[in-house]
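Notes to accompany the following structure.
Protein chains in written order, with this note's numbering: chain A, 4 to 346; chain B, 4 to 346; chain C, 4 to 346; chain D, 4 to 346.
What follows is the structure in structure tokens.
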């Protein structure tokens, strides 16, 4: 078995700060605020020093956790939360109302779970060309907004960051909003989490390989990124299932008497929390039972990768969920960027 | 742990006969022929009695196994094999050259891995409306062919079988060819297997629930179904991975010395075959190590279903693979139905 | 020049009753009501006898005329008008709240201006499959609704009416709502008119050839059809332009002094109404100037058809307009069919 | 009536050189070669001086005229002609086999007739990212190719030329191939002509407004543009029809006896060539009959523009034609760029 140190080099990066830490475990230089509105949970993490235990870049990380976005009421409430948080983030970055915005939709339009960025940007209200025509006086309640769908490197042969940098050089926006689908490191977050941050984003970390970062450091203007985990890789599914397997045993053992007439597939143990003892784990899962969650992930990654089976896992109704999520994001972005959008 | 008998009731049906049996294990009433052309393997199984060990319906089952369909040469060879096998199947059903065909594309156009049927049918050469116009004399080298994409029950509110039966009643075709995406019961078959059979098909067994069968019994005309496994459910991925985990250990143990400088993720052990001993299995996987492959599948199904996590697993490049597979299928169907298609 | 009588045989049928008559010209057996709400004009025509001057079938014809549907406010007002009129039509047909509905989207999904029916039906709330599952008790505020997109004969080889009849035979709905794109006989109506009628519809009259009628007579249940003119054929464009040419001359002659500094392309003469004298018409357009509007249409049809140039004319932003129109129609249908849709 | 000189300012530019001149009318500094292969006609025009009678830029203009591209044989022959001509053009520009290419698909993906560029580029074989990875040694028979779909200004708010220039700055290709749908100035050319030139292209001249030119002068590297007329504007249709109207009269007058039993809509007069006398023209069309073709175009443009009716005219089967045309173009580009593409 590999030792902790060795694991690092293989570690699959998670894009979600919420996967990284126990929010009760306070630390100097990390500010945490939590907030719940109806069924929506908002976690704000501010990392104030470049060197920190989370190994994350300095910046604000806002994690919005929600339930089923295909429900009308949920989606309206969610939209409102995103507007509020996005405006706060823009304020904290001191972005004035007259600042010009470039909205970038990262990802691959042809792959359903990776199409979130392009689908969202297609619904963003673009005004820059009106500002460019001298004879037109644009209503100042509509910000100067341009939009870009750079495509994926596999199709263009060009790094997204090169495309974006090239365009920034020419049109000189004041800040960037980038939307991307992410890979989740947990089944529980898929299509149920939005992360907004001013610390940058790696295009293509969702479905394809890591690419050059888009951030203040690389683009020289503020970058707000909005990411939604829409897929998990197969190795995450398998290792998460291992944990649920243990939970399932624990739950069914304890509730045997109560449940014996309930069909197994209807015994929802999701919120059950008793940990199995180490001994029980080993009995059930042998040596695998001795590994930490992270170690199991690494192991399964090592099992699936050489045989080419680290596939993509999505909910069955992914196309419908992507439609709704992109609609919510686009509405929220429009309302945050354009004062008069809703009127 | 559930006993063999109990397992049956939960068993997730596989649509692929090739998953069901050991072809060396001959049995009365089951005729097996094998054949390999270049990299394509053809398995013909004829089940001659309604009562049989495989619990499958009487009929011919042709399983074509192939490699990467996105490779031009592979896809050409595959197309030719399908033409040959489809024509043989039509002959064995005594379908004359003048018989009218209804081609049906089952599945959901909006879900990439389930869109195989609709995508294929869109490329089929349809001629029936020419035959219906009295003044036109149709070249008899083009068969009378109609096409139908019935949609999925979730969108139409109507069983596919009801739509198809209603149309058969009105247009009276002589036989049906139905194309559908299937769920695979093994990672190894996904997008690498085509099954053709004259024994019928269950619309929607790929991504959604089972529906009423389309077969000679229900439609009263011969039905040739062509199915391609394009997704696996999460429980299959997890249980397959368990088997690969054991293989991975076995391989790495035996080849430790040879491989120690090769990165773990490059050690391809796929074709390695030494079984671990029961003792080794228990050491590694505890009680799980004592279960049969099928038992592990059932168990994982029971773990994932109650918490709503029995997701859909596809290769990352699924949209591209679907484009190519539907093209190969449509070409093969066109060449099999229309004498002059290629000229 | 052809005589009036001869013209009839070539006459291209208009699907819009509003094209056919001068509403001031009252007639026995034809009831006309007009109504304007904000910018939306509603014309209800009831034809009470099978034999009538308009050569149209007995029935109610509701024509809703509106402005730009891509404007948010317009589209909301329009949606409300459609709901009101559709409900009135259902009431007049004595369709009870428990009546089962089949919604049919006619037309070709692959042709932007002809995709209105399919696009609308994709957004209709379908419930029939819930009603079919015995164990589920469906909220009676949601009607039993099924949906069908039959495709076009060119792709399926089957008449739409055969597909629909086949399905009606099997699922026995109580009434049908059919949505289709129409060909307009005037540039002014394109994407600015909705016609609802209980007298039936001819699938495919929009972009392709006439097909068998869908009506009470053929389906044996009430049929409400909703049609929107989304294209005009080239011959209509040309002949309409001839009329505008005359208007343009008349206007510019009369307003020469006033306009001489206005660029020609900005002189909007659309609402200008002085007719040119016959003499003026002949001076400008020669023998063509002596023809009636209808005769010009016939003539241009005769000019374009033999050389295969009777093309399809659409506004440049047709894809966007189709998105919005289908959204308005689907919302209105959902609200009319399902009591609780909006809550 | 406007005088010749005044007309100039309104003149709608044609993108097709073939519309501009009578090839028999030789001129110094303009080299013309013609060539016919089966049904495909190739016209090469080389303009050798910046100042020339055609008011076109210096450069090579290759016009390929063909029949129905949806016919398999035609499309194969056409593909071969494009490969030959494109290679010749690359040679004449002294583009070496190792030169890096950026392929640009201009136009709007959401508008069927304007989607030619994006659809073609999606099928181009991209290799640049392989060349960028140090460890990979790329087969030199595959050229370094990148691809870009910049979108349209209406959706991005950015001029296509700015996007392309920005990217050229960063990835430094050696030459550009740009594909765009054009507006035709004649019904006869629509989907039947390909123009290739090294003199540059104006993005968006097809369906939207003129934009900044892409050419050697603006990009500082060779630009090969490939344009296909896929739409005509309404004013072209109307004025072309006027000419056909005259032809139709002339033909029917002369062939009255012969044709009197043939239905009018079947009398194909397309290739009939007798000109009517001026007197006959005036008799039929009045003052309009005295105008030149170009003057009629200007007039109709002036009639349709102020009332917002200068619509878009396409063949009815445009979606299918676009599929086939983009396939032919992409194949031809791939074969021209990559030595080993076909092997």
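The beta carbon of each residue, even a glycine, is placed where N, CA and C say it ideally should be.
Remember, it's a predicted structure, so these values are computed and weren't measured experimentally.
Beta carbon proximity, residue i to chain B, threshold 8 Å
i: residue 148 of chain C; result: yes
i: residue 36 of chain A; result: no
i: residue 173 of chain C; result: yes
i: residue 160 of chain A; result: no
i: residue 208 of chain A; result: For residue 208 of chain A, the predicted structure reports a pLDDT of 48, less than 50, and the residue's modelled location is therefore unreliable. The matter cannot be settled from this model.
i: residue 291 of chain A; result: yes
i: residue 152 of chain C; result: yes
i: residue 221 of chain C; result: no
i: residue 330 of chain A; result: no
Integer-rounded CB distance, given that residue j should sit under 8 Å from residue i
i: residue 232 of chain D; j: residue 185 of chain D; result: 5 Å
i: residue 92 of chain C; j: residue 63 of chain C; result: 6 Å
i: residue 315 of chain B; j: residue 317 of chain A; result: 6 Å
i: residue 104 of chain A; j: residue 340 of chain A; result: 6 Å
i: residue 52 of chain A; j: residue 202 of chain A; result: Wrong, their Cβ atoms sit about 13 Å apart, outside the cutoff.
Neighbour flag for residue i against chain D, beta carbons, 8 Å
i: residue 32 of chain A; result: no
i: residue 232 of chain C; result: no
i: residue 156 of chain A; result: yes
i: residue 132 of chain A; result: yes
i: residue 299 of chain C; result: no
Three-state class that DSSP yields for residue i in the structure shown
i: residue 46 of chain D; result: strand
i: residue 244 of chain D; result: helix
i: residue 64 of chain B; result: strand
i: residue 147 of chain A; result: coil
i: residue 31 of chain C; result: coil
i: residue 341 of chain B; result: coil
i: residue 255 of chain C; result: helix
i: residue 55 of chain A; result: coil
i: residue 140 of chain B; result: coil
i: residue 22 of chain A; result: helix
i: residue 37 of chain D; result: strand
C-beta neighbour in chain C for residue i, strict 8 Å
i: residue 197 of chain B; result: no
i: residue 110 of chain B; result: no
i: residue 129 of chain B; result: yes
i: residue 145 of chain B; result: no
i: residue 166 of chain B; result: yes
i: residue 64 of chain B; result: no
i: residue 315 of chain D; result: yes
Below-8 Å beta-carbon distance, residue i vs any chain A residue
i: residue 312 of chain B; result: yes
i: residue 170 of chain D; result: yes
If you scan the region 151 to 236 of chain B from start to end, which runs of the alpha helix (DSSP H) of 4 or more residues do you find wholly inside it?
Correct list: 156 to 159, 163 to 174, 219 to 222.
(message) Threshold first: 3 residues or longer. Then list the beta strand (DSSP E) segments lying entirely within the region 83 to 134 of chain C, N to C.
(response) Correct list: 104 to 108.
Next on the checklist: Quick check for students: name the residue ranges of the beta strand (DSSP E) that lie wholly in the region 258 to 338 of chain B, counting only runs of 3 or more.
Outcome noted: Secondary structure remark: continuous beta strand (DSSP E) runs of at least 3 residues inside the region 258 to 338 of chain B, in chain order: 315 to 317.
Determine contact between the region 81 to 95 of chain C and the region 330 to 344 of chain C, defined as no fewer than three beta-carbon pairs at a distance below 8 Å.
The region 81 to 95 of chain C, when compared against the region 330 to 344 of chain C, does touch it at the 8 Å Cβ threshold.
*asked:* Does the region 65 to 82 of chain D come into contact with the region 114 to 128 of chain D, if we say contact requires no fewer than three beta-carbon pairs (one atom in each stretch) closer than 8 Å?
replied: Contact fails between the region 65 to 82 of chain D and the region 114 to 128 of chain D, because fewer than three Cβ pairs, one in each stretch, are under 8 Å apart.
Does the structure place the region 240 to 259 of chain A close enough to the region 123 to 137 of chain A that three or more beta carbon pairs sit under 8 Å? In the pairwise beta carbon analysis, the region 123 to 137 of chain A is classified as not touching the region 240 to 259 of chain A: fewer than three pairs are separated by under 8 Å.
* Three or more beta-carbon pairs under 8 Å between the region 151 to 169 of chain D and the region 168 to 179 of chain A, yes or no? -> Taking one beta carbon from each stretch, the region 151 to 169 of chain D and the region 168 to 179 of chain A have 3 or more pairs nearer than 8 Å; the two touch.
request  = Assess, as a yes-or-no matter, whether the region 92 to 112 of chain D is touched by the region 182 to 198 of chain D under the definition of 3 or more beta carbon pairs within less than 8 Å.
outcome  = Yes: the two stretches touch, three or more of their Cβ pairs being nearer than 8 Å.
Exercise. How do the region 298 to 313 of chain B and the region 258 to 274 of chain A stand: do at least 3 beta-carbon pairs fall below 8 Å, yes or no?
Worked result: The region 298 to 313 of chain B vs the region 258 to 274 of chain A: in contact.
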